[in-house]
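One line per chain: the protein sequences are A and B, in this order. FYI, in this note's numbering the residues of the first sequence are 1 to 112. FYI, in this note's numbering the residues of the second sequence are 1001 to 1209.
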Amino acid sequence: VGWQPRRLRSSAKSPPLGVAVNPRFRPGDRVRVCRVHPAVHTRCPRYVRGVVGVVERVQGTDLLPDRATYGLPTYPEPVYAVEFDSQDLWGESDGPPWTVLLDLFDTDLEPA
Amino acid sequence: MSDGQDHDDGGHHHERPASPIELRARALEALLIEKGLVSTDAIDAVIELYENDVGPQNGAKVVARAGRTASFSSLTARAAIAELGYGGMEGNTMVVVPNGPGVHNTVVCTLCSGYPWPVPGLPPSWYKSAPYRARMVAEPRAILREFGLELPPETAIRVWDSTAEVRYLVLAERPAGTEGWDEEALAALVTRDAMIGVSVPMAEQAARS
Chain A
1 VGWQPRRLRS
11 SAKSPPLGVA
21 VNPRFRPGDR
31 VRVCRVHPAV
41 HTRCPRYVRG
51 VVGVVERVQG
61 TDLLPDRATY
71 GLPTYPEPVY
81 AVEFDSQDLW
91 GESDGPPWTV
101 LLDLFDTDLE
111 PA
Chain B
1001 MSDGQDHDDG
1011 GHHHERPASP
1021 IELRARALEA
1031 LLIEKGLVST
1041 DAIDAVIELY
1051 ENDVGPQNGA
1061 KVVARAGRTA
1071 SFSSLTARAA
1081 IAELGYGGME
1091 GNTMVVVPNG
1101 PGVHNTVVCT
1111 LCSGYPWPVP
1121 GLPPSWYKSA
1131 PYRARMVAEP
1141 RAILREFGLE
1151 LPPETAIRVW
1161 DSTAEVRYLV
1171 LAERPAGTEG
1181 WDEEALAALV
1191 TRDAMIGVSV
1201 PMAEQAARS
């Protein structure tokens, strides 16, 4: 996989997310974000890798940007909003905790 | 687009050297036109669209229409978005996140600058800045305080990081003292910052303006 600017997908033309028929995870499921360290584009931010969260909702399906961006073969996969406790992300803080929610692709998650 | 060669017209228009980014944009535009990839009409149409038709006024109408009912809800806001016909570029999948008693939502895009263009309009530059993107997920209360929003410690803060193609719109709580207000009056309260969740609508703001 390399940088192929001619094959970049234009986000301006992205259709709405598809409907997830049989998603692997359901709202309320505990999931762990895979620890990965790719050299290419990914939508899985480093600050959630390896952290356990809870699926808040199933957003739909989309092509994995980590592959689709480069024109590699891919298929629609479920996208989930996953809810993380600030203490799991950052450790104890001086003030009250908060919640961070991210949209993560099925590829990025494993059961926890 | 100005060609940067304008002469001083009676003391009102002072020439200033173009910045490197302006020069680069101009060179790109000239090349795209020369190669027949875009037309000047198309560029003008996009600029006109974002200057006149897309902006926080759209989102304000959505939130206000949702607020006609007894309580704001994400269902009515989604219906309002559909009813008002907003969508398209950077807004194909919009999710409305409603604030409620003791719940406050905010939006960020840590990876880039994902933002629901059709509803609040183009993102402000601070939204795309590295400090906002880094700090909103790591210390939201400190950031909100800098925006002048002090939330009670017991308020649950929910920070939505727009990492995929979903774009988030915060549905503020209807401010106290707005009972019986019509859609137009409510829309006047809803600011761009309230749709990002770094501010909340205040009835007294409208009274002042």
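C-beta atoms are modelled at their ideal positions from N, C-alpha and C, and glycine is treated no differently.
Residue burial classification, residue i (beta-carbon count within 10 angstroms, cutoff 16)
i	result
V79(A)	buried
S1071(B)	Confidence is the limiting factor: at S1071(B) the pLDDT is only 49, short of 50, which leaves the residue's position unreliable and the question unanswerable from this model.
T1040(B)	exposed
K1035(B)	exposed
A1064(B)	buried
R1192(B)	buried
Three-state class that DSSP yields for residue i in the structure shown
i	result
A1194(B)	helix
Y1132(B)	helix
Y1115(B)	coil
A1095(B)	The displayed chain sequence assigns Val, not Ala, to residue 1095(B). In the structure shown, V1095(B) sits in a strand (DSSP, three-state: E or B).
G1059(B)	helix
A1156(B)	strand
P78(A)	strand
D29(A)	coil
E1146(B)	helix
Y1127(B)	helix
R35(A)	coil
Pair within 8 Å by beta-carbon distance, residue i and residue j
i	j	result
H1104(B)	G1180(B)	no
V33(A)	G60(A)	no
A1164(B)	D103(A)	yes
E1022(B)	I1043(B)	no
P76(A)	G18(A)	yes
L1122(B)	S1199(B)	no
L1111(B)	P45(A)	yes
A1172(B)	N1058(B)	no
I1081(B)	V1062(B)	yes
R30(A)	V52(A)	yes
P1020(B)	P1120(B)	no
Contacting residues, own chain, Cβ-Cβ under 7 Å from residue i (five flanking each side not counted)
i	result
E56(A)	P27, A81, V82, E83 and L101
Y1050(B)	L1122
Contact set for residue i: own chain, Cβ-Cβ below 6 Å, skip 5 residues either direction
i	result
P1116(B)	G1091, M1094, R1167 and L1169
Closer than 7 Å: residue i CB and nearest the ligand HEM heavy atom
i	result
R1065(B)	The model depicted lacks the ligand HEM and carries no ligand whatsoever.
For residue j and residue i, believed in contact at Cβ under 8 Å, the rounded distance
i	j	result
F25(A)	L89(A)	That pair is no contact at about 19 Å.
Chain-order list of residues whose beta-carbon lies under 8 Å from that of residue i (same chain, five-residue window excluded)
i	result
P1140(B)	T1106, I1157 and V1159
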